[in-house]
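First the structure, in the form of structure tokens, and then the observations on it.
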Amino acid sequence: MLKKTLGALALTTALVTTQAAADGHQIDLSGKTVEWIIPFSETGGSAKWANFYAPLLSEALPGNPTVVVTFNPGAGSTKGANAFQEMTYEDGTTIFGSSGSTQFPYLLSDPRVRYEYSDWNVVLASGTGGVAYLPADLSGKLGDGGDATPLAGEDFIYGSQGATRLDLVPLLAWEMLGLQVEPVFGIEGRGDGRLMFERGEANIDYQTSSSYLSGVTPLVEAGTAVPWFSFGALDADGNIVRDPTFPDMPTFKEICEATDGCETSGEQWDAWKAFFVAGFPAQKMVFLPAGAPDNAVATFTEAFAAIQERDDFVEISKARLGVYPQLTGDAAKTAMASATDVPQAAKDFVINWLSERYGVVLQ
Amino acid sequence: MEVFATALPALNDAFAMILQPHVIGFLVLGVVMGLCIGVFPGLGGIAGLSLLLPFMFGMEPVAGLALMIGMVAVVPTSDTFASVLMGIPGSSASQATVLDGFPMAKKGMAARALSAAFASSLFGGLVGAAFLTVFILAARPIVLLFQTPELLMITIFGLSMVGILAGRVALKGLVAACLGILVGTIGEGASSGALRMSTYDMPYLVDGLKLVIVGLGIFAIPEIVALMRRDKAISDRAPLGGGWAAGVKDWWTNKWLSMRCSLIGVVVGVIPGLGGSVVDWIAYGHTVQTARDKSQFGSGDVRGVIGPESSNNAKEGGGLVPTLLFGIPGSGSMAIFISAVALLGTGSIEVGPSMLKNNLDFTYAIVWLLALANVVGTLICIAASGGIAKLTEIRFALLAPFLFMIIAFAAFQSRQEIWDLVALFGIGLLGILMRRFDWSRPAFLIGFVLSAPAERYTNQAYQIGASRFRRGFEEGLEYVFSPIVIILVIITLLSVVIGLRQAKNIQAEGAVAAGSKRAPMVFLLAITAYIGLAYWNSAVIPDFARMDRVFPIFVATVALVGCALLIVQMIRSDETAPVLADREAEDAAINIHGLWATLMWFASLLIASALVGFIFALAGFLLLFIRIRAGKGWGYATVYTAAGIAFICAMAWTLNRDFPPGLLQSYVDLPWPLT
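As they're listed, the protein sequences go chains P and H.
The working numbering puts the first residue of the first sequence at 355, with every later residue one more than the last.
The working numbering puts the first residue of the second sequence at 3, with every later residue one more than the last.
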């Protein structure tokens with residue numbers, strides 16, 4: 355009986371896959387193992403993201419291949435990305451997951467970068483947001499509409515992973531608001547930054563949306579932390595609007611407008627916005643290697659689209675990813691373009707700012 | 003009272019959840035898998051959990067937790083096998099176990115050492131769970147008291163254990179520890195990203211060396227090479243009577259020591275960001291300092307096994323506090339654990355600050371599943387220890403190639419590059435020479451392990467402290483000299499004073515005779531040259547990255563002063579002085595094979611791997627070694643090789659790992675496992 359059922363099942367699968375293959379726009383991955391390379395360690399946010407998607411992807415791909423997440427960490431993800439650049443498309447069993455930390459060195463012309471985004475084929479772009487928060491006493495000093503002017507004399511400590519990482523966006527934001535923030539470098543993850551805040555050693559911090567929801571919300575309920583602003587989200591025209599996950603929070607743009615000396619135009623603002631766009635709305639992307647044929651790209655694109663059409667997707671993804679667009683197809687391509695194509699003026703501004711403010715020289 | 007009102011029903015619910023037949027079944031399955039993986043050095047909870055992750059999606063929460071916790075909990079138990087039987091520190095949790103466990107195995111007391119270790123592990127695990135059940139409700143504010151200056155002081159306290167383990171010449175121990183710290187600073191600085199002793203042209207070094215490689219190189223390779231040269235079994239005498247029962251009895255005799263070390267384990271484990279790396283050294287130091295007769299430590303005192311083993315399983319319990327309460331993983335395996343929990347069931351359990359409020363029953367289920375896994379794991383281990391201990395009676399020439407295979411594979415897991423093997427060989431050579439000239443290897447390892455936290459916390463405490471002082475002198479003082487810091491300073495000072503007074507009694511690696519002056523002097527000069535180079539290399543770091551410069555400069559300066567004093571001592575003393583210890587002179591009678599000839603075998607495995615890839619190289623290595631060095635026939639050698647290759651491939655396939663490719667693989671596409 356079991357044998358028969360299995361046989362029938364195999365036949366159906368075979369039929370379905372042949373049909374799909376016959377359509378010519380899908381590749382069959384039955385019996386294969388798809389390797390999903392993450393250029394970070396097993397313990398980071400990208401690992402969580404990939405581990406969330408891997409079992410779903412396995413169900414959604416034609417032929418239900420095994421999807422394994424493998425890790426190739428090193429040199430702030432440039433090592434794994436360089437290795438992926440060397441690969442050529444074979445049979446669709448290798449995909450790569452990049453993150454903001456892969457994008458930034460690329461944008462800042464880090465000497466270690468030997469990869470080129472435009473060679474790769476994007477099949478998914480996952481967005482996220484960020485929220486800045488303060489201790490209750492400092493938050494109480496804020497002016498109307500979150501005006502940062504009264505905080506100008508405060509000594510701020512901020513636990514940071516490094517000025518060239520994703521932390522570039524909040525660090526530049528603090529500076530635009532006229533805050534005197536001393537970054538304490540060398541923390542190993544944003545979770546450690548939050549712990550530093552909880553211990554009272556740091557007195558300003560930000561978290562990406564999912565970490566904010568799980569880690570900071572309880573502090574807000576307990577009254578030890580008060581949210582200040584979200585970085586915002588992009589609308590269809592590329593304007594910064596309120597983050598859909600935090601509709602009640604003002605965006606950085608609103609705070610900047612309320613604060614004396616902070617401009618929402620000009621080269622500093624343009625640079626901030628360019629790097630925000632590069633780092634958050636399309637933070638994590640999935641790629642097929644250079645040379646992937648259209649049907650392979652279509653197969654993965656459809657699989658990721660199918661995942662989002664699951665009835666339970668909203669429910670299971672809320673806690674893990676937050677409520678952010680998970681873009682596929684043309685939308686993913688547009689997101690990738692805006693995330694990796696920063697105007698030269700913005701790059702120059704940031705490179706110059708990094709060297710003047712933090713002595714970071716990217717030769 | 004209110005606390006109990008919330009805790010007791012939750013505890014009740016937790017037990018109702020755990021004590022279901024299928025949950026226990028999953029727990030046992032996890033334990034068995036964990037034991038199988040933990041036996042191999044370098045493969046720990048991370049490898050095991052990654053294996054389980056694909057099955058977690060949508061699984062019933064308690065069953066999934068049982069499977070995962072069963073696996074994680076027993077890794078520090080089963081890696082004791084490698085520490086005791088082979089002298090290989092399986093993970094950071096069992097570094098100190100090697101010091102007395104391995105000498106016991108050499109004396110034919112492997113089964114006793116193992117069962118004492120397992121009994122202590124079990125006890126530690128249970129004490130940890132019991133303590134946590136009460137403490138977890140009050141833990142949050144206490145954990146938050148440990149700010150950066152406190153973390154720094156605990157790191158320094160850990161470093162002060164070098165005092166006890168420095169060996170006969172305290173100065174040599176100090177320089178060894180400094181060298182370990184300097185090796186730990188290799189790569190990109192944590193603060194400003196300045197490169198130390200590395201360049202972007204050699205990307206391997208930019209990320210620094212990993213503990214797996216340094217642990218294997220410093221402890222395992224020298225011991226294996228030494229045993230290969232003697233060409234006997236590990237145990238040099240017939241097994242002593244008593245076996246595993248004697249070990250359990252040993253534990254019972256030292257139950258109070260075991261209790262104290264368990265508490266040390268929980269308390270240190272609770273503090274996020276440190277736990278794993280210091281706890282067994284602190285427990286070992288405590289064991290030695292509180293023992294009346296210290297003469298046997300380092301050459302096979304069972305208390306030296308009981309202390310660290312009690313603490314390391316208790317630490318796993320303590321380590322749950324930062325993981326569950328703050329959502330901050332205490333270790334790599336805990337990080338995967340957090341993301342796996344989110345996959346369970348409907349994803350409603352979220353590890354982090356809301357855990358206690360929303361899921362107290364699950365929290366308790368996790369704590370007690372951990373305890374239960376310890377019980378199951380220990381019973382299996384004790385039952386197996388008598389049989390596995392027989393490994394120490396096998397002729398070593400037959401065991402060694404297999405060990406080299408495992409070690410090379412383990413080292414390759416560090417970064418999955420051929421350079422892993424090169425680094426292993428280099429550190430191994432350093433380990434061999436340190437062993438030969440009686441430089442304290444434990445001191446080196448403590449330095450290496452604590453190098454990164456010491457530097458990080460120094461820089462951060464300095465930065466935050468400076469900001470507090472700017473706000474007000476009093477506020478700064480309050481921050482830097484909190485009551486906890488002052489207590490830790492006093493404990494550290496006491497420990498250093500007592501340690502130095504006792505160091506002469508504790509010869510972590512046994513007494514070593516002295517030989518001629520030339521060889522020890524050449525080694526000392528080589529070390530001095532490296533430290534000098536490290537000093538110069540840090541000194542040229544430009545001003546804007548000065549935070550990455552200060553620490554290595556300071557350590558190198560201390561080390562250079564030590565080296566200078568040692569050079570003077572060596573020149574002045576006569577040839578039998580302990581400062582000129584040279585094991586070659588002592589072991590000349592029992593060594594059948596030369597050092598370099600033995601080392602060549604390992605070097606050839608490395609070079610062949612670089613040329614034709616690991617699997618081809620390994621096949622040739624096993625075949626020739628068994629045929630030539632062990633003197634067996636071709637038939638025997640072929641079967642041995644086939645079995646070895648089949649074994650390593652099965653393991654790599656299960657864990658979904660690749661092998662190091664060589665030059666050949668860059669020209670020809672070969673199927674797995676030859677890739």
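Glycine is no exception: its CB is placed at the ideal position from the N, C-alpha and C atoms.
* To do: Say whether chain H places a C-beta atom closer than 7 Å to the C-beta of residue 731 of chain P.
  => With chain P running from 355 to 717 in the structure shown, residue 731 of chain P is simply not present.
* For a contact meaning CB atoms closer than 9 Å, what does residue 328 of chain H contact in chain P? -> Position 326 of the second sequence holds residue 328 of chain H. The contacting residues are 545, 548, 549, 552, 569.
* Which of helix, strand or coil DSSP assigns to residue 390 of chain P -> Counted from its first residue, the first sequence places residue 390 of chain P at position 36. The three-state reading of DSSP puts residue 390 of chain P in strand, counting E and B together.
* Asked: Which residues of chain P have a Cβ atom closer than 7 Å to the Cβ of residue 59 of chain H, listed in chain order?
  -> Position 57 of the second sequence holds residue 59 of chain H. Those are 409, listed as they occur along chain P.
* To do: Can you pull the chain H residues whose beta carbon is under 9 Å from the beta carbon of residue 572 of chain P, in chain order?
  => Stepping through the first sequence from its first residue, residue 572 of chain P is reached at position 218. Per Cβ cutoff of 9 Å: 354, 355, 356, 359.
* If you measure beta-carbon to beta-carbon, which residues of the segment 191 to 212 of chain H are closer than 7 Å to chain P? -> 192, 193, 194, 195, 202, 205, 208, 209
* Closest Cα partner of residue 371 of chain H within the set H:23, H:403, H:68 -> As a working note, residue 371 of chain H is residue 369 in the second sequence. For the residues H:23, H:403, H:68, the minimum Cα distance to residue 371 of chain H belongs to H:68.
* **Distance, residue 313 of chain H Cα to residue 282 of chain H Cα** => Taking the first residue of the second sequence as position 1, residue 282 of chain H is located at position 280. Taking the first residue of the second sequence as position 1, residue 313 of chain H is located at position 311. Their Cα atoms are separated by approximately 6 Å.
* Alpha carbon of residue 512 of chain P to alpha carbon of residue 488 of chain P, nearest angstrom -> Translated into positions along the first sequence, residue 512 of chain P becomes position 158. Translated into positions along the first sequence, residue 488 of chain P becomes position 134. Whole-angstrom Cα-Cα distance: 11 Å.
* **Beta-bridge partners of residue 509 of chain P, as assigned by DSSP** => Stepping through the first sequence from its first residue, residue 509 of chain P is reached at position 155. DSSP output for residue 509 of chain P lists P:534 as bridge partner(s).
* Take residue 370 of chain P and list the residues in its own chain whose beta-carbon comes closer than 8 Å to its own, dropping the five residues that flank it on each side. => On the first sequence, residue 370 of chain P is found 16 positions in, with the first residue counted as 1. Here the model assigns residue 370 of chain P a pLDDT of 41, short of 50, so the residue's position is not dependable, and the following value carries that caveat. So the qualifying residues of the chain are 416.
* Beta-carbon proximity of residue 642 of chain P to residue 475 of chain P, cut-off 7 Å -> Here residue 642 of chain P corresponds to residue number 288 of the first sequence, with the count starting at 1. Here residue 475 of chain P corresponds to residue number 121 of the first sequence, with the count starting at 1. Closer than 7 Å, so yes.
* Asked: In three-state DSSP terms, what is residue 579 of chain P?
  -> By 1-based counting over the first sequence, the position of residue 579 of chain P is 225. Strand, per DSSP.
* Asked: Checking contacts by CB at 7 Å: is residue 376 of chain P closer than that to chain H?
  -> Locating residue 376 of chain P in the first sequence gives position 22, where the first residue counts as 1. With a pLDDT of 41 at residue 376 of chain P, under the threshold of 50, the predicted position of this residue should be treated as unreliable, and no value is reported.
* Assign residue 417 of chain H to buried or exposed, taking buried as 16 or more other Cβ atoms, counted over all protein chains shown, within 10 Å of its Cβ. => As a first step, residue 417 of chain H must be located in the second sequence, where it is residue number 415. That one is buried.
* To do: Starting from residue 401 of chain P, find everything on chain H with Cβ-Cβ shorter than 7 Å and list it in chain order.
  => What you label residue 401 of chain P is simply residue 47 of the first sequence in a count that begins at 1. Residues of chain H passing the Cβ test: 341.
* Asked: Are the Cβ atoms of residue 420 of chain H and residue 219 of chain H separated by less than 7 Å?
  -> The residue given as residue 420 of chain H occupies position 418 in the second sequence. The residue given as residue 219 of chain H occupies position 217 in the second sequence. Contact: no.
* **Residue range of the alpha helix (DSSP H) that includes residue 81 of chain H** => Translated into positions along the second sequence, residue 81 of chain H becomes position 79. That run of the alpha helix (DSSP H) goes 63 to 88.
* Asked: Under the rule that 16 or more other beta-carbon atoms within 10 Å means buried, what is residue 396 of chain H, buried or exposed?
  -> For the purposes of this step, residue 396 of chain H is taken as the residue at position 394 of the second sequence. Counting Cβ neighbours within 10 Å, residue 396 of chain H comes out exposed, since fewer than 16 surround it.
* Inter-residue spacing [alpha-carbon to alpha-carbon] between residue 121 of chain H and residue 249 of chain H -> Taking the first residue of the second sequence as 1, we reach residue 121 of chain H at position 119. Taking the first residue of the second sequence as 1, we reach residue 249 of chain H at position 247. Roughly 8 Å separates the two Cα atoms.
* Asked: In the structure shown, what three-state DSSP assignment does residue 663 of chain H receive?
  -> The residue you call residue 663 of chain H lines up with position 661 of the second sequence. It is coil, neither helix nor strand.
* **Residue-level contact to chain H via CB, residue 704 of chain P, 7 Å cutoff** => Along the first sequence, read from residue 1 onward, the residue named residue 704 of chain P stands at position 350. Output row for residue 704 of chain P: interface = no.
* **Validate contact between the segment 383 to 397 of chain H and the segment 127 to 143 of chain H using beta carbons, cut 8 Å, 3 pairs** => no
* For residue 539 of chain P and chain H, any beta-carbon pair shorter than 7 Å? -> Here residue 539 of chain P refers to the residue found at position 185 when the first sequence is read from its first residue. At least one chain H Cβ lies under 7 Å of residue 539 of chain P.
* Asked: Can you name the residues that DSSP bridges to residue 484 of chain P?
  -> Translated into positions along the first sequence, residue 484 of chain P becomes position 130. The partner list for residue 484 of chain P (beta bridge, DSSP) reads P:562.
* To do: Please say whether residue 660 of chain P and residue 414 of chain P have beta carbons closer to each other than 7 Å?
  => Residue 414 of chain P sits at position 60 when you count from the first residue of the first sequence. Residue 660 of chain P sits at position 306 when you count from the first residue of the first sequence. Taking 7 Å as the Cβ cut-off, residue 414 of chain P and residue 660 of chain P qualify as a contacting pair.
* Do three or more CB pairs link the segment 554 to 563 of chain H to the segment 174 to 194 of chain H at distances below 8 Å? -> yes
* To do: Would you mind giving the Cβ-Cβ distance between residue 329 of chain H and residue 568 of chain P, rounded to the nearest angstrom? I have them listed as a contact below 8 Å.
  => For this step, residue 329 of chain H is matched to residue 327 along the second sequence. For this step, residue 568 of chain P is matched to residue 214 along the first sequence. Residue 329 of chain H to residue 568 of chain P, Cβ: 6 Å. Contact.
* **Within 7 Å of chain P by C-beta, residues of the segment 128 to 160 of chain H in sequence order** => 146, 149, 150
* Members of the segment 431 to 454 of chain P near chain H, C-beta cut-off 9 Å -> The segment 431 to 454 of chain P vs chain H, Cβ under 9 Å: 432, 433, 436.
* Presumed contact (8 Å Cβ cut-off) between residue 538 of chain P and residue 466 of chain H, rounded CB distance -> Residue numbering aside, residue 538 of chain P sits at position 184 when the first sequence is read from its first letter. Residue numbering aside, residue 466 of chain H sits at position 464 when the second sequence is read from its first letter. Sure, about 6 Å apart at Cβ, within 8 Å.
* Compute the Euclidean distance between the alpha carbons of residue 210 of chain H and residue 427 of chain H, then round it to the nearest angstrom. => Translated into positions along the second sequence, residue 210 of chain H becomes position 208. Translated into positions along the second sequence, residue 427 of chain H becomes position 425. Residue 210 of chain H and residue 427 of chain H: Cα-Cα distance of roughly 16 Å.
* Quick one: does residue 546 of chain H have its CB under 7 Å from some CB of chain P? -> Sequence index remark: in the second sequence, residue 546 of chain H carries index 544 (1-based). It does; some Cβ of chain P falls within 7 Å.
* By how many angstroms is the C-alpha of residue 393 of chain P removed from the C-alpha of residue 433 of chain H? -> Indexing the second sequence from 1 puts residue 433 of chain H at position 431. Indexing the first sequence from 1 puts residue 393 of chain P at position 39. Each residue's CA atom was taken as its position, placing residue 433 of chain H and residue 393 of chain P some 32 Å apart.
* Check whether the Cβ of residue 477 of chain P lies closer than 7 Å to any Cβ atom in chain H. => Within the first sequence, numbered from 1, the residue matching residue 477 of chain P stands at position 123. So, not an interface residue.
* Contiguous beta strand (DSSP E) assignments of at least 3 residues, all confined to the segment 638 to 665 of chain P -> 638 to 642
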